[in-house]
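Q: Chains as they are written, first to last, in the numbering used here: chain A, 1 to 108; chain B, 1001 to 1117.
For each residue, glycine too, the CB sits at the ideal point set by N, CA and C.
Okay, here's the structure, questions in a sec.
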C-alpha cells in the first residue's frame, strides 16, 4: 500500500467554484500533515499545515481524520491562480512522504 | 522573506562523473534535507541532516550519495558516480524544528535539474 494516496484528478472547475479533494495515508503513527502546491516543474510550496481540529487559511480549509487516516482540502471561490498540483504530505520523524498530487485547473 | 537557494539550476554530466549540488538553507533553520523528483513522478525523500550528522536516510540514499555542511551556510549533496537513473530534479529543504510537531514545516529551494547523459 502506498504511503500517501491521492486522487490524481484532474479537477477542471470554473472561476468562483468550490473544489474539494482528499488523500489517505497508511502509517497510523504519522505525526504531522501538510498540503503543498507545486506549479509545473517548480518546487513544492507549503500551502498549509493540517491540524486535527481542522483549520482554515483564507479560501482554503483542511481537515484531518486520524481514525480514517484521511486528509482533505477544500478551495472556495477558486481563482485562476489556484491552478496547480496539490500535494498531500505526511511527516514521520524527519521525513516527508508525498502523494503523487491532485491536479486542479481553474478556467475563466 | 527568507528562502532556500540552490545552485546550479541545471547541471548536465556524463555517466560515471561526480556532481556536487549546493544549497543555502534559511539562516535560522537547523534541519536540512534533500529530496528528488524524477520527471512525472512524486517527490521522494533522500536524507535529513542535523547537527552535522545524518538523522534519517531513505533506501535511495546509498553509498554513492553523501551530504556535507562544509561551512556555516552551505549544505551539499554529492553523487560520486552518476547513473542515468540519477537524472531528476533535486530539491533542498530546511526547517527550524525536526521531529517535534511545532516549527517543523519544511521549506523548499527551487531545485537543481540534474541530467545524466
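Compare the C-alpha of residue 28/A against each of 3/A, 43/A, 47/A and 56/A and name the closest.
A: Indexing the first chain from 1 puts residue 28/A at position 28. When each option's Cα is compared against that of residue 28/A, the closest is 3/A.
Q: Would you tell me roughly how many angstroms separate the C-alpha atoms of residue 1069/B and residue 1015/B, rounded to the nearest one?
A: Here the question's residue 1069/B lines up with position 69 in the second chain. Here the question's residue 1015/B lines up with position 15 in the second chain. Rounded to whole angstroms, residue 1069/B to residue 1015/B spans 25 Å at the Cα level.
Q: Return the CA-CA distance between residue 1040/B and residue 41/A, expressed in angstroms with no decimal places.
A: Mapped onto the second chain, residue 1040/B falls at position 40. Mapped onto the first chain, residue 41/A falls at position 41. So the alpha carbons of these two residues sit roughly 9 Å apart.
Q: For the region 1066–1096 of chain B, enumerate the residues whose C-beta is nearer than 7 Å to any C-beta of chain A, in chain order.
A: So the close ones are 1091.
Q: Quick check: is the beta carbon of residue 1043/B nearer than 8 Å to any beta carbon in chain A?
A: Within the second chain, residue 1043/B is the residue found at index 43, counting from 1. Chain A contact via Cβ: present.
Q: Quick check on residue 73/A - is its C-beta less than 8 Å from some C-beta in chain B?
A: In the first chain, counting from the first residue as 1, residue 73/A sits at position 73. False, the Cβ-Cβ gap to chain B never drops below 8 Å.
Q: Return the residue from the list 1046/B, 1105/B and 1008/B that minimises the CA-CA distance to residue 50/A.
A: By one-based count along the first chain, residue 50/A stands at place 50. That would be 1105/B, whose Cα lies nearest to the Cα of residue 50/A.
Q: Can you tell me the Cα-Cα spacing of residue 58/A and residue 1081/B, whole angstroms?
A: On the first chain, residue 58/A is found 58 positions in, with the first residue counted as 1. On the second chain, residue 1081/B is found 81 positions in, with the first residue counted as 1. Rounded to the nearest angstrom, the two C-alpha atoms are 47 Å apart.
Q: Would DSSP call residue 1117/B helix, strand or coil?
A: As a first step, residue 1117/B must be located in the second chain, where it is residue number 117. Coil at residue 1117/B, not helix or strand.
Q: Where does residue 1077/B fall in DSSP's three states?
A: The sequence position of residue 1077/B within the second chain is 77, counting from 1. Residue 1077/B: strand per DSSP, three-state reduction.
Q: Among 24/A, 12/A and 106/A, which one has its Cα closest to the Cα of residue 81/A?
A: Here residue 81/A is taken as the residue at index 81 of the first chain, counted from 1. With distances taken between Cα atoms, residue 81/A lies closest to 106/A.
Q: Give me the Cβ distance between residue 104/A and residue 97/A, rounded to the nearest whole Å; I'm assuming they're in contact under 8 Å.
A: For the purposes of this step, residue 104/A is taken as residue 104 along the first chain, with counting starting at 1. For the purposes of this step, residue 97/A is taken as residue 97 along the first chain, with counting starting at 1. Not confirmed; about 21 Å, so no contact.
Q: Residue 19/A: buried (16+ other C-beta within 10 angstroms of its C-beta) or exposed?
A: Numbered from 1 along the first chain, position 19 holds the residue referred to as residue 19/A. Residue 19/A is buried by the Cβ-count criterion.
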